[in-house]
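Numbering (this note's numbering), first residue to last: 7 to 507.
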Ligand SMILES: [Zn+2]
């Protein structure tokens, strides 16, 4: 800065022209008038501009959903090749009469909100971003869908306006994500002059589940987890395994929001760095929830539920796991924000903390049993991997405490400090009683969440699909395509027996 000022002063003193603009990547400043010189001026040699290895595309997306107006929509950049559709090698959007949606002259998928073209582009972008996030935690390797075995490379088909209904689901048989739309009960009637769109007039308050960042991320989470753990979707598993599927969907939405700098920055400002403050992050599927009379969204990740309070109802059980991971996130963020206060912006700390925890949960799930996985299995893998990473001992204390308070695991570390608000949140080596334990037991082996039948009645559409109830657990646990005949196998075999007589 000092040199720059001196330079300008000396230029003024000597009467030389100060250029209006430094030469750069914008319009070049006019060259100074030619001066008589003893030697000929060297030929101009422009500095080449480095280009990205591939051209990507801009897409307009909702940051949360149409009801979260303080965030609205934003441009997102997809750094991979996307064909008209939008479609690429792994994801293709299907909306009869609308797709393939063509890129604009700039190669981008930017459309007005509320149009079917926007819905196609937005849904594609959120699915793609969720996949990219977990692929980064998978060492940059693609995550197979459950049917991607034996050389099968089929993509997942995504239907933004699949049908009417207040739901969304992932189907392995259909190799698809389906997002439904509905008019909430008691909604004001719309103008009779509006042209119909999907059976509803354009200005009717139709709720499209595809416009919810949380719902699209949640269902993509089901599809990715089914690829990683094909044995987990069967209804024959303990309720906790079903809870892990639902929770993974919700955690996908939370971690995906926190991987986006503008959302992380907005959250830090909104909550003043306290993740337990009410915010758009912990409230999941806001517009959908409000339409069904739940002002805080469909469910809340920042909850206090314990396993003894939820029985065998999988949707509620999932909130216990999500709540524990959310509390660990808030604990680690408080610790790291304090530790790095003088060296890093809090929003950047939040992005890094969330990315590390997302990777930890992802790796722990990959390392957990292929069938019948329990929360304690994932918690123990998180403890082991955290120690292997060399993270501070207090990270494991946070994990042990939060899973113990939820009655998921036994409390190895005394919980007195946590419960009395006396925990030394800034002490990196804090273990409560000095033991950095990486293996804990289940809190209650006789819990209904481990032994009862799964009650999936309040889950999202995915867990209510008949294919995960009727197909044999052994068949579901295999990779490969699943046909409708697999769902009807018992009926078809009975018919064959009857007709062969
Ligand atoms: Zn779900």
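Beta carbons are placed, not taken as given, at the ideal position from N, Cα and C, and that holds for glycine.
* CB-CB length for residue 186 against residue 215, believed under 8 Å -> As a first step, residue 186 is located in the chain shown; it is residue number 180 there, counting from the start. As a first step, residue 215 is located in the chain shown; it is residue number 209 there, counting from the start. Contact flag correct, Cβ pair sits at about 6 Å.
* Is the beta carbon of residue 252 within less than 6 Å of some heavy atom of ligand 1? -> As a working note, residue 252 is residue 246 in the chain shown. Yes, the beta carbon of residue 252 sits closer than 6 Å to at least one heavy atom of ligand 1.
* On the three-state DSSP scale, how would you describe residue 296? -> On the chain shown, position 290 is the one that residue 296 refers to. Reduced to three states, the DSSP call for residue 296 is helix.
* To do: For residue 242, collect the residues of the same chain with a Cβ closer than 6 Å to its Cβ; drop the 5 residues on either side in sequence, then sort them by chain order.
  => Position 236 of the chain shown holds residue 242. For residue 242, where only same-chain residues beyond five positions count, the Cβ hits under 6 Å are 479.
* Asked: Taking just the CA atoms, how far does residue 286 sit from residue 71?
  -> Residue numbering aside, residue 71 sits at position 65 when the chain shown is read from its first letter. Residue numbering aside, residue 286 sits at position 280 when the chain shown is read from its first letter. Whole-angstrom Cα-Cα distance: 10 Å.
* Can you tell me the Cα-Cα spacing of residue 320 and residue 113, whole angstroms? -> Residue 320 sits at position 314 when you count from the first residue of the chain shown. Residue 113 sits at position 107 when you count from the first residue of the chain shown. Using only the alpha carbons, I get a separation of about 43 Å.
* **Other residues of its chain near residue 169: CB distance less than 6 Å, five sequence neighbours each side excluded** => Here the question's residue 169 lines up with position 163 in the chain shown. Excluding positions up to five away in sequence, the list reads 186.
* Taking DSSP as the reference, what is the three-state secondary structure of residue 140? -> Position 134 of the chain shown, counted from the start, is the residue given in the question as residue 140. Helix, per DSSP.
* To do: Rank 91, 453, 58 by C-alpha distance to the C-alpha of residue 313 and give the top, closest one.
  => In the chain shown, the residue the question calls residue 313 occupies position 307. Of the candidates 91, 453, 58, 453 places its Cα closest to the Cα of residue 313.
* Expressed to the nearest angstrom, what Euclidean distance is found between the alpha-carbon atoms of residue 180 and residue 231? -> Reading the chain shown from its first residue, position 174 is the one you call residue 180. Reading the chain shown from its first residue, position 225 is the one you call residue 231. Roughly 16 Å separates the two Cα atoms.
* Should residue 340 be counted as a contact of ligand 1 given a C-beta to heavy atom distance under 6 Å? -> Mapped onto the chain shown, residue 340 falls at position 334. Result no, Cβ not under 6 Å from ligand 1.
* Asked: When you compare only the Cα positions, how much space is there between residue 301 and residue 225?
  -> What you label residue 301 is simply residue 295 of the chain shown in a count that begins at 1. What you label residue 225 is simply residue 219 of the chain shown in a count that begins at 1. C-alpha separation (whole angstroms): 22 Å.
* To do: Would you check whether ligand 1 has a heavy atom nearer than 6 Å to the C-beta of residue 468?
  => The count along the chain shown starts at 1 and reaches residue 468 at position 462. Remark: the shortest separation between the CB of residue 468 and any heavy atom of ligand 1 falls under 6 Å.
* Does the distance from the C-beta atom of residue 455 to that of residue 246 stay below 7 Å? -> Residue numbering aside, residue 455 sits at position 449 when the chain shown is read from its first letter. Residue numbering aside, residue 246 sits at position 240 when the chain shown is read from its first letter. The beta carbons of residue 455 and residue 246 sit closer together than 7 Å.
* Which residues does DSSP pair with residue 91 in a beta bridge? -> Working through the chain shown from its first residue, we reach residue 91 at position 85. Secondary-structure assignment with DSSP links residue 91 through a beta bridge to 107.
* For residue 85, which residues from the same chain have a beta carbon less than 6 Å from its beta carbon, with the 5 sequence-adjacent residues on both sides left out? -> Counting from 1 along the chain shown, the entry for residue 85 is found at position 79. Contacts found: 62.
* For the stretch 408-417 against the stretch 376-392, are there 3 or more C-beta pairs whose distance is under 8 Å? -> Short answer: they touch.
* To do: With distances taken Cα to Cα, identify the nearest neighbour of residue 369 among 237, 142, 105.
  => Here residue 369 refers to the residue found at position 363 of the chain shown. When only C-alpha atoms are compared, the closest one is 142.
* Kindly identify the DSSP beta-bridge partner or partners of residue 264. => Translated into positions along the chain shown, residue 264 becomes position 258. By DSSP's assignment, residue 264 forms no beta bridge with any residue.
* Asked: Which of helix, strand or coil does DSSP assign to residue 170?
  -> Within the chain shown, residue 170 is the residue found at index 164, counting from 1. Secondary structure of residue 170 (DSSP, three-state): strand.
* Rounded to whole angstroms, what's the CA-CA distance from residue 149 to residue 507? Just pull it up for me. => Here residue 149 refers to the residue found at position 143 when the chain shown is read from its first residue. Here residue 507 refers to the residue found at position 501 when the chain shown is read from its first residue. Approximately 47 Å between the Cα atoms of the pair.
* Asked: Would you say residue 233 touches ligand 1, meaning its beta carbon is less than 6 Å from a heavy atom?
  -> Taking the first residue of the chain shown as position 1, residue 233 is located at position 227. For residue 233, the Cβ stays outside the 6 Å cut-off from all heavy atoms of ligand 1.
* **Contacts around residue 498, its chain only, beta-carbon distance under 7 Å, and the 5 residues preceding and following it disregarded** => The sequence position of residue 498 within the chain shown is 492, counting from 1. So the qualifying residues of the chain are 491.
* Asked: Is residue 251 helix, strand or coil when you go by DSSP?
  -> Along the chain shown, one-based indexing puts residue 251 at 245. Residue 251: helix per DSSP, three-state reduction.
* For the candidate residues 330, 116, 174, whose alpha-carbon lies nearest to that of residue 68? -> Position 62 of the chain shown, counted from the first residue, corresponds to residue 68. Looking at the Cα atoms, 116 is the closest of the given residues.
* Asked: With distances taken between CB atoms, is the gap from residue 388 to residue 405 smaller than 7 Å?
  -> As a first step, residue 388 must be located in the chain shown, where it is residue number 382. As a first step, residue 405 must be located in the chain shown, where it is residue number 399. In this structure, residue 405 lies closer than 7 Å to residue 388 by Cβ.
* Quick one: give me the first and last residue of the beta strand (DSSP E) that residue 218 is part of. => If you number the chain shown from 1, residue 218 lands on position 212. Following the DSSP letters along the chain, one finds residue 218 in no beta strand (DSSP E), marked with neither H nor E.
* Asked: Beta carbon of residue 500, beta carbon of residue 444: below 7 Å?
  -> As a working mapping, residue 500 is identified with position 494 in the chain shown. As a working mapping, residue 444 is identified with position 438 in the chain shown. Not closer than 7 Å, so no.
* Asked: On the three-state DSSP scale, how would you describe residue 342?
  -> Within the chain shown, numbered from 1, the residue matching residue 342 stands at position 336. Three-state result, residue 342: helix.
* Output the distance between the C-alpha atoms of residue 271 and residue 354, rounded to the nearest integer angstrom. => Your numbering for residue 271 matches position 265 in the chain shown. Your numbering for residue 354 matches position 348 in the chain shown. Between residue 271 and residue 354, the C-alpha separation is close to 8 Å.
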